[in-house]
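Student:
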Amino acid sequence: MIVDTAASKRMPVIMDVDTGVDDALALALVWKSKQVELVGVTTVNGNVSLSQATLNTRKVIHMLQQLDEDKQCEDVEANKVSLNFEQKEAASARNGFTRNVPIIPGANGPLMRPTFFEHAVHGNDGLGGALSDMSPPELEEGLPHAAQFIIEEAKKRPGELTLLMTAPLTNLAIALRACPELPQLVKRVVMMGGALQTFGNVTPVAEYNIYVDPEAAKMVLHAGFDLTIVGLDVTRQALLRPEHLEKLDSTPLGSFVRTCTAQYMERYRMRNGVEACAMHDPLAAYIAIDASVVKTRRYYVDVETRSDLCDGQTVCDVQNRLGREPNANVCVEVDGEAFMDRFISVLQA
């Protein structure tokens with residue numbers, strides 16, 4: 327069998343998503359990165375229902391598979407080369423295409439709270455109407471729960487797996503309940519969530535992913551993971567603007583990006599007075615691959631779960647007033663333009 331040595335050295339990653347617009351862009355970034363082995367994608371209730379998040383994930387991955395297959399056919403035709411199956415497998419790996427990335431549904435609601443969707447931001451379907459006519463393949467039969475999948479994959483490769491969490495942390499909290507030693511089994515967790523020294527995006531103080539399931543977030547923060555927090559403090563400085571869309575228009579993903587972000591950008595303009603949208607999840611995804619675009623500091627971080635006014639707030643002890651050991655690497659600065667340049671470069675490849 328032909329083995330692609332570059333692919334064998336890739337970083338194994340499980341993505342946990344509630345696929346709305348920015349999750350979809352993060353999926354595209356990870357999929358096309360030649361530094362990542364996408365072990366699986368777990369889905370959770372969040373921006374949209376679990377069933378809609380799972381459907382959206384199936385659509386996005388099916389689109390990415392189709393684009394990779396089209397590219398492979400073009401490459402073969404251009405070189406007039408006939409490849410056997412094993413050679414096609416190796417070529418697919420080189421192009422960042424994994425044939426069978428499992429999509430594993432997880433929690434259909436927060437641990438203790440009612441659901442709270444974000445249709446006003448992501449559209450009723452979560453993708454701003456993009457891919458509305460697509461009928462992706464059905465899920466495999468007999469899949470485990472997302473939490474069990476995370477545990478099983480962590481045990482298969484102890485100390486190697488990165489968990490990229492771009493949704494409420496319910497699935498990871500359930501995994502922790504079942505496997506308290508999980509923090510020692512995974513390499514690290516990179517999460518998009520929190521408003522640490524800035525205002526919130528769902529209440530004056532709370533960021534959406536934390537607000538939806540603060541009890542889950544508290545469990546994750548106290549579990550002992552090697553944890554990197556990518557909060558609104560930095561994601562609001564990583565903006566997709568019209569000039570970026572123009573650069574992507576000539577790529578196979580261009581029309582998808584433009585369509586799915588249209589309502590998302592309009593909502594951001596109404597709220598913030600800027601014709602752009604924050605790349606929350608794509609920034610977290612890129613930091614999991616290459617953290618050179620951010621600066622981090624070690625802080626103790628906790629979550630408020632019992633407040634009428636500040637529920638879901640991430641409390642970051644910048645001055646160590648609580649005297650607790652730091653439990654997170656907090657992203658405090660980002661080179662937003664450098665990130666956008668690299669995001670576009672990966673999608674153009």
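Using our numbering, you'd call the opening residue of the sequence shown number 327 and step up by one each time. Every residue gets a Cβ at the ideal spot worked out from N, C-alpha and C, and that includes glycine. Predicted model, so just to flag it, every value in this text is computed and none were measured.
#1: Within 10 Å of its beta-carbon, does M596 have 16 or more other beta-carbons around it, so buried, or fewer, so exposed?
#2: Could you name the residues that DSSP lists as bridge partners for Y625?
#3: Report the CB separation of L495 from D539 in whole angstroms; it is logged as a contact under 8 Å.
#4: Could you name the residues that DSSP lists as bridge partners for T488?
#5: Which residues in the same chain have their Cβ closer than 8 Å to the Cβ of T622, if we skip the five residues on either side of it in sequence?
#6: Would you check whether the ligand NAP has a heavy atom nearer than 6 Å to the C-beta of K335?
#7: Checking 7 Å against the spacing of the C-beta atoms, do L393 and P578 come in under that value?
#8: Indicate whether D349 and D607 have their beta-carbon atoms separated by less than 7 Å.
#9: Of all the alpha helix (DSSP H) runs that stay within the bounds of the region 572-600, which reach a length of 4 or more residues?
#10: Quickly, what does DSSP pair L565 with across the bridge? List them, please.
#11: What number of angstroms, rounded off, separates the C-alpha of K360 from the C-alpha of G366?
#12: Give the straight-line distance between the Cα atoms of L310 and A472, rounded to the nearest whole angstrom.
#13: Per DSSP, what are the beta-bridge partners of I429 in this structure?
#14: Can you name, in chain order, every residue of its own chain whose Cβ lies under 6 Å from the Cβ of R593, other than the five neighbours on each side?
#15: On the DSSP bridge list, what partners appear for Q361?
#16: For the beta strand (DSSP E) holding L553, just list the boundary residues, first then last.
#17: When DSSP labels each residue in this structure, what does Q639 get in the three-state scheme?
#18: For the putative contact between V672 and L355, defined by C-beta atoms under 8 Å, what is the C-beta separation to the nearest angstrom?
#19: Between which residues of its own chain and Q639 is the CB-CB distance below 6 Å, once the five residues before and five after are set aside?
#20: Using only alpha-carbon positions, find the residue among K397, P338 and V374 that is nearest to V362.
#21: Report yes if the C-beta distance between L469 and I430 is below 7 Å; otherwise report no.
#22: Suppose you measure from the CA of D575 to the CA of D667; what does that come to, to the nearest Å?
#23: Distance, Cα to Cα, R336 vs L635?
#24: Taking the alpha-carbon positions, what's the P463 to R384 distance?
#25: Looking at the unbroken alpha helix (DSSP H) that takes in F475, where does it start and where does it end?
#26: Using 8 Å for Cβ pairs, my map puts T347 next to L502. What's the rounded Cβ distance?
Tutor: In short:
#1: exposed
#2: A654
#3: 6 Å
#4: V339 and R514
#5: T554, N655, V656, C657 and V658
#6: The ligand NAP is absent from the structure shown, which contains no ligand whatsoever.
#7: yes
#8: yes
#9: 580-598
#10: A604
#11: 16 Å
#12: As displayed, the chain neither begins before 327 nor continues past 675, which places residue 310 out of reach and without an answer.
#13: V367
#14: V447
#15: Its beta-bridge partners do not exist; DSSP assigns none.
#16: L553 to V556
#17: strand
#18: 6 Å
#19: V531, A532 and E630
#20: P338
#21: yes
#22: 15 Å
#23: 44 Å
#24: 7 Å
#25: A472 to K482
#26: According to the sequence as given, residue 347 is Val; it is not Thr. About 28 Å; that fails the 8 Å criterion.
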